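Shown next, in structure tokens, is the structure this report addresses.
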Amino acid sequence: MNREILLEVKNISKTVHGLAGSKVRVLDKVNLKIEKPERLGQIISIIAASASELTALLKIISAIEKPSEGEVHLSGKQYHKSAGDIVFIPEHPSSFPWLNVKQNVEFAINFKENIPGSIDNKVSEAITFVGLEGYETHFPDDNSLGFRFRISLARALVADPKIILLDEPLKNLHGETKKEIFNLITELSKKINVTIIIASMNISDAVLLSDKIFLMTRHPGKIADTIDIDRSNDLNIHSDYFHSLKSEIEKLLTGYENIPLK
Amino acid sequence: MRLKTAPAKNLYKYIISYFVLWILLFEFILPSNNILPKPSVVLLSFSALWHYYKLLFNFTVTISAVYLSILLAYFLTSLLSGYIVRKNHFVSEFLLSLHWFSHFIPAIVFGLFLIYWLPGSAYIEYLFAFFIALFSLVIRVNEEAAKVKHEYISSAVSLGVGESVIAKKVIWKSIQPAIIKYLIVLQFNIWSVLIAFEFIKGGYGLGRIYRLALDYNDLSVLFTISIIVGITIYLGTQLIKYFKNKFYHWSLD
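Those protein sequences? They're chains B and A, same order as listed. Each residue of the first sequence is one higher than the last, beginning at 1 in my numbering. Each residue of the second sequence is one higher than the last, beginning at 263 in my numbering.
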């Protein structure tokens, strides 16, 4: 049975001005459909060999930037103005260093009208969920990337979005912090009714986290393949299933490099 | 980023060394010269400065013109920040067009026009200092706003926060450490142009004392006033640094 479409990206193209007045086509007729999740949440990854195209696509989906052509539809309606339904979390820290943790999280709803329920409760729940309980009055400026990511995630959660876009969330993290954020994203998809779309250049992370992966070519970016991941299968870095998926994706991505540049 | 304070220790050593050198050279070795005054004459000149040159009154005029204009310009910029920091807004476009002229016309020329337009005004130096402070600050705000991290703006936009709130609560806030740090440069610039302005105009202020001292060939007053100006600017700098470290402590790395 076909599930309802949550997000539909229709023929999105983006051309930007390059050096010396040249025009660069970053995205070329990108099409993708994401259905509403079967269970509570879901994680979708978009993998590409180039970060700039991934970021451009996420910014267009969240209506931060306008496409040169094409449309984005959320639950059947065109989404062309940011309204907090699709929240974008950039690769680099975006928590505001002049606000403490609580104020950062409150920022997402302080300027909105008709917020259902108690703002304080929503903020406390989000802070607790991302593991920052007890750090409400801390300022993010001298803290780790993981700490700042948690703030951005809590801020996204209080906005009550349908989709959260994460631009390479694990790229600059290492060791224990990377593991913690990895687990936090997994837990989020299990406990909260939100679709998480991750832009990544790391195949292993994407395979381990996702329910579905879109593969994108580069120069210009275009969705070339879709891979569904069977979460009921044994999936860890030692499993055969993981390795077969990883080598399949590597093979496909390498194949795209032979596509002649437009 | 906290402003560095470590070199201050060395600075004090230099100041004490120059002070001792000045006493040795100009009190004992070269008592009669036209380079710097004798330390003992400088001490004696305080009485003349106080009574004849009306130091307290003139100092109050200049210092209040400098710091009141900076304060007022800062608050006005803060009030208008929602318009100033926005790209392609007619207010910011208009200000940037004025910026172009400032590359070719020195600020003091504007002062000369003010003297011509308002020859009898008692508040003319306040007006001059305020316009210079406001103009410089607005241009700086506009420049700093262009450097704000895209991540801050993108995440606020995606949360559905409106443009004017982003301008006020994200961009304006984000540039505060740079703006407060710029006030140090601004106060120095205003001191410089204001003294020149008062010197040309006459009337009140430390520039007026400089002019009288030159007219009377009074090297000791010239020297003492320069020391007073230097100490005031130094104290002003320390105060601004204190405010920056206390209230605008965040780093944007």
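Yeah, the Cβ is synthetic: ideal placement off N, Cα and C, and Gly gets one too. It should be emphasised that the depicted structure is a prediction, and the values quoted were computed from it without experimental measurement.
When A:L333, A:S302, A:Y385, A:F290 are compared, the shortest CA-CA separation from G465 (chain A) is found for A:Y385. Burial state of F107 (chain B) is buried, judged by a 10 Å Cβ sphere holding 16 or more other Cβ atoms. Boundaries of the alpha helix (DSSP H) around F390 (chain A): 386-407.
At a cut-off of 9 Å between beta carbons, P116 (chain B) makes no contact with chain A. For S13 (chain B), the three-state secondary structure derived from DSSP is strand. Taking 9 Å as the CB threshold, A418 (chain A) lines the interface with chain B. Per DSSP, G21 (chain B) is not a residue of any beta strand (DSSP E), being assigned neither H nor E.
Less than 9 Å separates the beta-carbon of I43 (chain B) from that of I198 (chain B). For the region 153-238 of chain B, the full-length alpha helix (DSSP H) segments reaching 4 residues or more read 175-191, 203-209 along the chain.
Among the residues of the region 82-110 of chain B, those with a Cβ less than 9 Å away from any Cβ of chain A are S82, A83, G84, D85, I86, V87, F88, I89, P90, E91, H92, P93, S94, S95, F96, P97, W98, L99, F107, A108, I109, N110, in the order of the chain. Per DSSP, the continuous beta strand (DSSP E) segment holding S45 (chain B) begins and ends at 42-48.
DSSP assignment within the region 92-124 of chain B yields no whole beta strand (DSSP E) run of 3 residues or more.
Look at I64 (chain B): its C-beta is under 9 Å from a C-beta on chain A.
The beta-carbon distance between L208 (chain B) and L235 (chain B), rounded to whole angstroms, is 7 Å. This is short enough to meet the 8 Å contact definition. Straight-line measurement puts the Cα of I127 (chain B) at about 18 Å from the Cα of W98 (chain B).
Segment contact: the region 399-418 of chain A against the region 457-477 of chain A, fewer than three CB-CB distances shorter than 8 Å; contact not assigned.
Legend: CB atoms of the region 387-420 of chain A lying less than 8 Å from CB atoms of chain B belong to residues K411, H412, E413, Y414, S416, S417, A418, V419, S420. Not a single C-beta of chain A is nearer than 9 Å to the C-beta of L170 (chain B).
Under the Cβ criterion of 9 Å, Q449 (chain A) is not counted among the residues facing chain B. At a cut-off of 9 Å, the C-beta of S204 (chain B) has no neighbouring C-beta in chain A. Shown here, K463 (chain A) sits in a helix according to DSSP, grouped into three states. By alpha-carbon distance to I490 (chain A), the top candidate from A:L421, A:S279, A:T324 is A:T324. Under a criterion of Cβ atoms nearer than 7 Å, the residues of chain B adjacent to S513 (chain A) are, in order, P97, D141. Not flagged as an interface residue toward chain A: L184 (chain B), since no C-beta distance is shorter than 9 Å. At a cut-off of 9 Å, the C-beta of L145 (chain B) has no neighbouring C-beta in chain A.
If you draw a straight line from the Cα of K222 (chain B) to the Cα of E133 (chain B), it is about 41 Å long. Flagged as an interface residue toward chain A: R155 (chain B), by a C-beta distance shorter than 9 Å. Here F366 (chain A) carries a coil assignment [DSSP, helix/strand/coil]. DSSP lists B:E8, B:Q78 as the bridge partner or partners of H73 (chain B).
By the Cβ test, the region 169-179 of chain B is not in contact with the region 14-32 of chain B, since fewer than three Cβ pairs between them sit closer than 8 Å. K443 (chain A) and I502 (chain A) have their alpha carbons spaced roughly 7 Å apart. Contact between the region 415-434 of chain A and the region 147-163 of chain B is established, with three or more Cβ pairs separated by less than 8 Å.
Taking a Cβ-Cβ cut-off of 8 Å, the neighbours of V432 (chain A) in chain B comprise F96, given in sequence order. Short of 6 Å from the beta carbon of Y345 (chain A), and not among the five residues preceding or following it, lie these beta carbons of its own chain, in chain order: H351, V353.
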